[in-house]
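Each residue of the sequence shown is one higher than the one before, counting from 1 in the UniProt record's numbering. Just so it is clear, CB atoms sit at the ideal spot from N, CA and C, and this is done for glycine as well. All remarks here apply to the structure that follows.
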Amino acid sequence: MKIAVVGGGIVGATCAYYLSKEQKNEIVVFDHGLGQATKASAGIISPWFSKRRNKPWYKMARLGADFYLKLVKDLEIDGYNTDFYSQCGVYLLKKNEDKLPELKELAESRKELSPMIGNLEIISKEEVQKIIPSFDNNGDVLYASGGGRVEGERFVNTLLTASKANVVREKVSLKVVEDKYEINGQVFDTVVLATGAWLKDMLAPLGFDVDVRPQKGQLRDYKVSDENTGSYPVIMPEGELDIIPFEKGVVSVGATHENDMGFDLTVDKQQLDAFGEEAENFLGELRTAQIINERVGIRAYTSDYSPFFGEVPTLENVYAISGLGSSGLTTGPIIGYSVANIILGNDIELDPRDYNIENYITRK
Numbered sequence: 001m002k003i004a005v006v007g008g009g010i011v012g013a014t015c016a017y018y019l020s021k022e023q024k025n026e027i028v029v030f031d032h033g034l035g036q037a038t039k040a041s042a043g044i045i046s047p048w049f050s051k052r053r054n055k056p057w058y059k060m061a062r063l064g065a066d067f068y069l070k071l072v073k074d075l076e077i078d079g080y081n082t083d084f085y086s087q088c089g090v091y092l093l094k095k096n097e098d099k100l101p102e103l104k105e106l107a108e109s110r111k112e113l114s115p116m117i118g119n120l121e122i123i124s125k126e127e128v129q130k131i132i133p134s135f136d137n138n139g140d141v142l143y144a145s146g147g148g149r150v151e152g153e154r155f156v157n158t159l160l161t162a163s164k165a166n167v168v169r170e171k172v173s174l175k176v177v178e179d180k181y182e183i184n185g186q187v188f189d190t191v192v193l194a195t196g197a198w199l200k201d202m203l204a205p206l207g208f209d210v211d212v213r214p215q216k217g218q219l220r221d222y223k224v225s226d227e228n229t230g231s232y233p234v235i236m237p238e239g240e241l242d243i244i245p246f247e248k249g250v251v252s253v254g255a256t257h258e259n260d261m262g263f264d265l266t267v268d269k270q271q272l273d274a275f276g277e278e279a280e281n282f283l284g285e286l287r288t289a290q291i292i293n294e295r296v297g298i299r300a301y302t303s304d305y306s307p308f309f310g311e312v313p314t315l316e317n318v319y320a321i322s323g324l325g326s327s328g329l330t331t332g333p334i335i336g337y338s339v340a341n342i343i344l345g346n347d348i349e350l351d352p353r354d355y356n357i358e359n360y361i362t363r364k
């Protein structure tokens, strides 16, 4: 079977990797790459404190966090380095620390289904400072040992390499040719559209409306003097700000959530400066840190903030995924894995009816 995966972000790369396990499949990944959310991300894997009432979303996020353990193990068995992912733990901060016991109780109640949450405890600022000397906060923090961090670009590059797929770095379109599909002059039996916020552009020429909009996200990387940041847990203050430490003094700060910027990919230093100044209140060493990189990506959201996946209505053997929003690094791998298994005829844990594609993709 000849399969095209359009989009080489977290969903497409995971899907291609697991499709490649069936050796009879020939896989081509088309990845324009411009504005890709995954490559502009440094993500936190810690969904267990979410109060979203959308139960199907939480199930996907919970299973998505769990799935990292399988995915990392599979890549290691195949001989690949997986230090793009680290189960480093997270510190959750609240402006009103009286809310921490309630959040701890919520996470404790979810431990039976998600044992990877690990150890949960409310600890003082002074205890955190034993691990992160320049940490500051007005009150206690909630620690979860099972939380993790992901370096998005290294993750997808590893998956694409491991898939051994032919990767074509071009912007492409989709044409129907009898019972098959043509992309970039090649004909395919099956197509996976993992193009994020660009899904609407892919399907509009074929007569479809897609309920997906873009959201701009910006992130800045710093180099601090402390080289031991690889052992730091992630810091999650209340609001949009996250502080994500990596190895050898690299710390990522972000990310913005800009709803009215369309597909704009320009860096807005004013916004990133504001994030940086806020982050300095929690990690003092950022005040003297060097800015080493700034990244911009485009997330995809649906009108009800829910992701979807499945076979595109009336297009047999064409599968589409979108709407993952800012939780894409948590939910993306499990969706990519699920779509690969649907194509391969295997059972999946997620119920596609909970993420019904027909609610978001309709004929014009």
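Which word fits residue i, buried or exposed, when buried means at least 16 other C-beta atoms lie within 10 angstroms of its C-beta?
i	result
Ala40	buried
Ser20	buried
Arg353	exposed
Ile243	buried
Ala274	exposed
Arg52	exposed
Asn346	exposed
Val210	buried
Asp260	exposed
Thr330	buried
Lys216	buried
Val11	buried
Leu75	buried
By DSSP's criteria, residue i is part of a beta bridge. Which residues make up the other side?
i	result
Lys180	Val177
Gly217	Gly297
Met236	Leu92
Glu258	Lys216
Glu76	DSSP lists no partner for Glu76.
Ser322	Phe308
Ser163	In DSSP, Ser163 forms no bridge with anything.
Tyr85	Val150
Lys223	Val250 and Gln290
Ala40	None, per the DSSP bridge assignment.
Leu283	Phe135
Glu26	Lys2
What is the DSSP secondary structure of residue i, counted as helix, strand or coil?
i	result
Gly64	helix
Leu120	strand
Ser46	coil
Asn341	helix
Pro245	strand
Asn346	coil
Val267	coil
residue 373	As displayed, the chain neither begins before 1 nor continues past 364, which places residue 373 out of reach and without an answer.
Val141	strand
Thr362	strand
Asp351	coil
Asp31	coil
Asp201	helix
Asn157	helix
Asp98	helix
Val210	strand
Val128	helix
Val11	helix
My understanding is that residue i touches residue j, with C-beta atoms under 8 Å, so please give their C-beta distance in whole angstroms.
i	j	result
Val191	Tyr181	5 Å
Leu219	Gly254	3 Å
Gly297	Ala37	4 Å
Thr14	Phe84	Not really, about 13 Å apart at Cβ, beyond 8 Å.
Met202	Leu174	6 Å
Val128	Tyr91	6 Å
Val251	Leu272	Actually they are not in contact, since the Cβ atoms of Val251 and Leu272 sit about 13 Å apart, beyond 8 Å.
Leu142	Lys104	6 Å
Ile336	Tyr301	The displayed chain sequence assigns Gly, not Ile, to residue 336. Not really, about 19 Å apart at Cβ, beyond 8 Å.
Is any heavy atom in the ligand FAD found nearer than 7 Å to the beta carbon of residue i?
i	result
Ile45	Looking for the ligand FAD in the displayed structure turns up nothing, as the structure carries no ligands at all.
For the pair the segment 256-268 and the segment 282-291, tell me if three or more CB-CB distances fall below 8 Å.
no
Does the structure place the segment 302-314 close enough to the segment 217-225 that three or more beta carbon pairs sit under 8 Å?
no
Per the contact definition of three or more C-beta pairs closer than 8 Å, is the segment 148-168 in contact with the segment 3-13?
yes
Any contact between the segment 88-100 and the segment 58-72? By contact I mean 3 or more CB pairs, one from each, below 8 Å.
In this structure the segment 88-100 does not lie against the segment 58-72, because fewer than three pairs of beta carbons, one per stretch, are closer than 8 Å.
Decide yes or no for the touch test of the segment 228-239 against the segment 319-335: beta carbon pairs closer than 8 Å, at least 3 of them.
no
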